[in-house]
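Written out below as structure tokens is the structure these notes cover.
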Amino acid sequence: MGSRVVTPEEVLESLMNDGTIDAIRMKIIAQLKANEDMKKNTMMMVEQSKVLNTPGAEKKTKRELFDELRRELETSVLEKASKAVWELILDSSGLGKEITETVEKVYCRLSGQEPPPPPALLPLPTTYPQEENEKESKDKQEGEKAKEMDISEPSSRKRTFSEMNALEKAEAVENGSPDRTVASEDGTLPSTNAKT
């Protein structure tokens with residue numbers, strides 16, 4: 001079956017006729033109602049409105065207050081709502097992705113084309129960059145601790161010349177062999193004044 005040119009109007013008409021537009025509209029409204037930032041901003045604007053803060057506002061009817069609030073705040077509230085709706089529509093992972101996929105399916109159905117395959121999923125990394133950084137940092141800290149331990153433990157470090165000399169003197173005294181010559185700290189051997 002050959003593909004034909006499909007106009008955007010045809011796609012829109014199909015989406016309207018099968019109820020998709022209404023379903024998307026309801027999802028957008030539900031997400032706007034759940035948007036806490038929108039609620040807080042709107043409440044703050046109402047609390048700071050001139051209509052409610054002018055003397056005599058308490059004497060007006062609810063209908064009068066509502067009409068005056070609408071005239072005062074409608075434009076700014078609708079601007080914020082419009083921005084939030086566009087963010088939802090253009091979101092590439094949530095509702096925006098769903099809208100794009102739905103439009104593509106309808107376009108393909110109307111034009112007689114096969115729908116595009118879903119994008120290839122990339123393999124998930126076994127570790128995430130933050131975990132790798134934490135692991136490298138931990139390995140580095142453990143390496144530094146090991147170096148500190150090597151320095152602080154006398155058995156695992158090299159002995160100085162004077163330490164070796166003192167050790168040899170102690171061994172000579174223990175063994176009872178005073179004949180053993182021990183070098184002085186400057187590395188020279190002491191002179192022996194032995195009488196022969």
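So the sequence shown is residues 1 to 196, counted in UniProt numbering.
From the three backbone atoms N, C-alpha and C, an ideal C-beta is built for every residue, glycine too.
Compute the minimum distance between the beta carbon of G96 and the heavy atoms of the ligand MG, and state whether it is under 7 angstroms. This structure simply doesn't include the ligand MG, nor any ligand for that matter.
Under a Cβ-count criterion, where at least 16 other Cβ atoms within 10 Å of its own Cβ denotes burial, should residue 207 be classed as buried or exposed? Examination of residue 207 is not possible in this model, given that the chain is present from 1 through 196 alone.
Do L90 and Q31 have their C-beta atoms within less than 8 angstroms of each other? In the sequence shown, the residue the question calls residue 90 occupies position 90. In the sequence shown, the residue the question calls residue 31 occupies position 31. Contact: no.
Separation of Y107 from I21, as counted between CA atoms: Within the sequence shown, numbered from 1, the residue matching residue 21 stands at position 21. Within the sequence shown, numbered from 1, the residue matching residue 107 stands at position 107. A direct Cα-to-Cα measurement between I21 and Y107 gives close to 15 angstroms.
Measuring CB to CB, does residue 245 end up less than 8 angstroms from M45? The chain is shown only over 1 to 196; residue 245 falls outside these bounds and no answer can be derived.
Considering Cα atoms alone, identify which of E13, E168, M38, V5 is closest to S82. Locating residue 82 in the sequence shown gives position 82, counting from the first residue. Nearest to S82 by C-alpha distance, out of E13, E168, M38, V5, is M38.
Assign T61 to one of three DSSP states: helix, strand, or coil. As a position in the sequence shown, residue 61 is number 61, starting the count at 1. In the structure shown, T61 sits in coil (DSSP, three-state: anything other than H, G, I, E or B).
Taking C-beta to C-beta, are L73 and E10 nearer than 8 angstroms? For the purposes of this step, residue 73 is taken as residue 73 along the sequence shown, with counting starting at 1. For the purposes of this step, residue 10 is taken as residue 10 along the sequence shown, with counting starting at 1. No, Cβ-Cβ distance for L73 and E10 is not below 8 angstroms.
How many Å lie between G56 and M43 at the Cα? Numbered from 1 along the sequence shown, position 56 holds the residue referred to as residue 56. Numbered from 1 along the sequence shown, position 43 holds the residue referred to as residue 43. Their backbone Cα atoms lie some 21 angstroms apart in a straight line.
Express the C-alpha separation of E13 and R25 in angstroms, rounding to a whole number. Taking the first residue of the sequence shown as position 1, residue 25 is located at position 25. Taking the first residue of the sequence shown as position 1, residue 13 is located at position 13. Rounded to whole angstroms, the separation of the alpha carbons of E13 and R25 is 15 angstroms.
Any idea what DSSP makes of S34, helix, strand or coil? Along the sequence shown, read from residue 1 onward, the residue named residue 34 stands at position 34. The sequence given here places Ala at residue 34; Ser does not occur at that position. The DSSP-derived three-state label of A34 is coil.
Pick from E168, G112, E171, K169 that is closest to R4, judged by C-alpha positions: Against the sequence shown, residue 4 aligns to sequence position 4. Closest by alpha carbon: G112.
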